[in-house]
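Heads up: the structure comes next, in structure tokens.
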Amino acid sequence: MPNNAANHQYNHLSNLPPAIYLGNNNLSGDIPAEIGQLKFLHVLELQSNGFSGSIPDEFSNLTNLERLDLSRNHLSGEIPSSLKGLHFLSYFSVAYNDLQGPVPSGGQFDTFSSSSFEGNPGLYVSPSVQRSFSPPPPPTHRRSSTKNVVEVIVGIYLGTGFMVTILTLWILTWYTNSTNVNRASSNSNPSTIAPEVETDTEVVMLFPNNPSEFKNLTMCEILRATENFSEANIIDCGSYSLVYKATLANGSKLAIKKLLGDFDTTKINLKAAVEAVSKYQHENLVSLQGYCVYNGSWLLIHPFMENGSLDFWLHEKAGGASQLDWPTRLKIAKGASCGLAYIQQTSTKPQPVLLNFKSSKILLNENFEPRLSDLGLSQLVLANESAEFATEHFSSTISDVPANDMHGLVSTLREDVYSFGVVILELLTGKRPVEVYEPKMSRELVNWVRQMKSQEKEDQVFDPLLRGKGFEDQMLQVLDLACMCVHQNVLVRPTIGEIVDKLKNVGTMSQ
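Set out below in structure tokens:
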């Protein structure tokens with residue numbers, strides 16, 4: 001993680017887009033098809049190596065992939081047409097390989113320039129696709145690897161588990177690439193670092209719920225407040241967005257969410273979706289205060305949450321969990337349940353959907369009052385993509401839900417209850433939903449809690465920071481509720497309304 005991100009309240013490792021950077025490493029052999037199982041992957045860079053063989057058709061399973069670079073290798077065969085299904089792919093290059101056959105058309109492939117495919121004399125395009133290919137350059141010398149590093153990668157993947165491998169690669173490459181970015185930034189022309197808007201009268205679209213001090217906000221002010229969207233101001237990295245801290249000249253702060261991917265800025269239904277999201281108003285939701293389109297990117301304007309995310313305090317901030325006593329954690333659980341109840345029970349049309357509910361989506365204000373974030377993000381993607389794709393995609397990205405519960409958006413009510421139960425368990429135990437470095441039987445929080453309850457060891461479940469403070473009876477009540485929320489039988493799980501009522505009764509009577 002870059003040094004300038006060390007103090008970011010939202011910017012924790014679990015929220016950085018997962019990526020594999022293995023370019024320029026002199027690797028050889030076939031590309032492991034097993035990479036196709038890493039469905040959470042956002043970036044895959046294997047350029048400038050000695051890979052041979054074909055492009056694995058399994059890459060079509062990487063439904064979150066935004067960047068794929070396979071250029072300057074020895075790949076042969078055809079480009080799999082199934083890659084057209086990668087709807088979030090915004091960068092693709094297979095330049096300077098030995099590929100043959102037709103270039104796929106449709107989907108994102110219609111947006112890629114000819115430079116993505118040049119240097120492959122055997123490739124050709126459909127007459128309906130207007131691309132011109134440049135002739136390949138003189139052959140360059142490529143060093144051959146003395147041993148098949150790919151076999152080592154596959155061995156590590158199969159032997160120790162892909163999560164540890166990818167996490168290790170991720171951390172190492174984050175440091176490397178951050179250093180390169182910082183070095184490149186320091187050598188850049190100042191005129192490219194500080195783009196300007198033509199006029200200071202360019203007003204951002206703001207909604208009536210916006211505080212008075214932001215009524216005349218302009219794009220120029222947003223650029224100044226974020227230092228032209230400087231990396232140093234990134235406070236959150238998600239699957240579909242980057243969030244920047246914006247400090248205005250008067251000292252006021254905002255959170256500017258920049259949507260990732262190819263959002264069609266010309267679509268009228270996107271504007272309607274944004275305006276619909278602005279109508280979701282509740283004291284336990286992060287409100288949408290405005291929006292604008294800048295350089296082809298959608299920017300959403302939200303209030304700034306001083307204390308970052310619950311995940312940050314429980315799992316990332318040094319000594320953070322010790323500052324969350326039981327009354328504070330119970331307050332967070334109660335507030336989050338009220339926000340989730342509003343989402344499920346609101347009569348606003350279209351009904352809002354909370355995408356990927358987890359502790360990192362619960363933000364905390366200066367008084368540690370919870371606000372659910374990313375509300376309505378799914379509506380924006382639904383407005384930008386086909387309903388069939390979006391339904392399939394979102395039903396497969398809801399966090400911490402068993403595979404046999406996935407029945408599309410129709411079942412999200414009970415899935416949200418399951419995810420909320422996981423968050424309650426995090427509050428009670430101080431543990432992550434999955435602990436990579438724990439023994440195999442205790443890695444998954446839900447299974448570990450079930451095992452401890454079956455052995456009547458409930459008292460050992462609670463975070464040691466909470467024990468012996470006189471709140472054991474309350475914590476046992478909440479633990480029973482959490483176990484109902486994550487019950488394997490969907491029909492046994494309580495409704496969100498029942499959860500709100502049960503939590504309201506916890507702590508209302510004196511000890």
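Mapping of the sequence shown onto full-length UniProt numbering: position 461 corresponds to residue 461, and the numbering continues sequentially without gaps.
Beta carbons are placed, not taken as given, at the ideal position from N, Cα and C, and that holds for glycine.
_Cut-off 8 Å between Cβ atoms - residues of its own chain near Ala333, not counting five sequence neighbours on either side_ = Val423, Ile424, Leu427, Val478 and Leu503
*Do Gln460 and Trp326 have their CB atoms nearer than 8 Å?*
no
*Stretch pair the region 221–240 + the region 268–282: three plus CB contacts closer than 8 Å*: no
*Can you tell me whether DSSP reads Gly159 as helix, strand or coil?*
Residue placement at Gly159 is poorly supported in this model, since its pLDDT is 43, which falls under 50; the coordinates still yield a value, given next. If DSSP states are grouped into helix, strand and coil, Gly159 belongs with the helices.
*Determine the closest residue to Met205 out of Arg414, Pro32, Gln289 and Ile496, with distance taken between C-alpha atoms.*
Gln289
*Any idea if Ala318 is buried or exposed, counting beta-carbon neighbours within 10 angstroms, 16 or more meaning buried?*
exposed
*asked:* I need the straight-line Cα distance from Gln344 to Gly53, nearest angstrom please.
replied: 49 Å
*What number of angstroms, rounded off, separates the C-alpha of Val446 from the C-alpha of Gly430?*
13 Å
*Return the chain-ordered list of same chain residues with a C-beta closer than 8 Å to the C-beta of Val417, the five sequence neighbours on each side being excluded.*
Cys485, Arg493, Pro494, Thr495, Ile496 and Ile499
*Are Tyr96 and Gly119 touching if we call contact CB-CB under 8 Å?*
yes
*Answer with buried or exposed for Gln323, where buried requires no fewer than 16 other C-beta atoms within 10 angstroms of its C-beta.*
exposed
*Does the Cβ of Lys469 have 16 or more other Cβ atoms within 10 Å, making it buried, or fewer, making it exposed?*
exposed
*Can you tell me where the beta strand (DSSP E) with Pro464 in it begins and where it stops?*
From DSSP, Pro464 is part of no beta strand (DSSP E); its letter is neither H nor E.
*Could you pull out every residue in the same chain whose Cβ sits closer than 6 Å to the Cβ of Arg432, ignoring the five residues on either side in sequence?*
His315
*Sorted by chain position, which residues of the same chain lie with C-beta nearer than 7 Å to Phe40's C-beta, five sequence neighbours on each side aside?*
Pro18 and Asn64
_Determine whether the beta carbon atoms of Ser28 and Gly50 lie at a separation below 8 Å._
yes
*Of the listed residues Ser116, Gln281, Pro102 and Ser297, nearest to Leu70 (C-alpha basis)*: Ser116
_So, for Tyr294: in the same chain, excluding its five sequence neighbours on each side, which residues have a beta-carbon less than 7 Å away from its beta-carbon?_
Met219
_With H, G and I counted as helix, E and B as strand and the rest as coil, what does DSSP make of Gly497?_
helix
_Looking at the secondary structure, which residues open and close the beta strand (DSSP E) in which Gln474 lies?_
First-last for Gln474: Glu472 to Cys485, but that is the alpha helix (DSSP H), not the beta strand (DSSP E).
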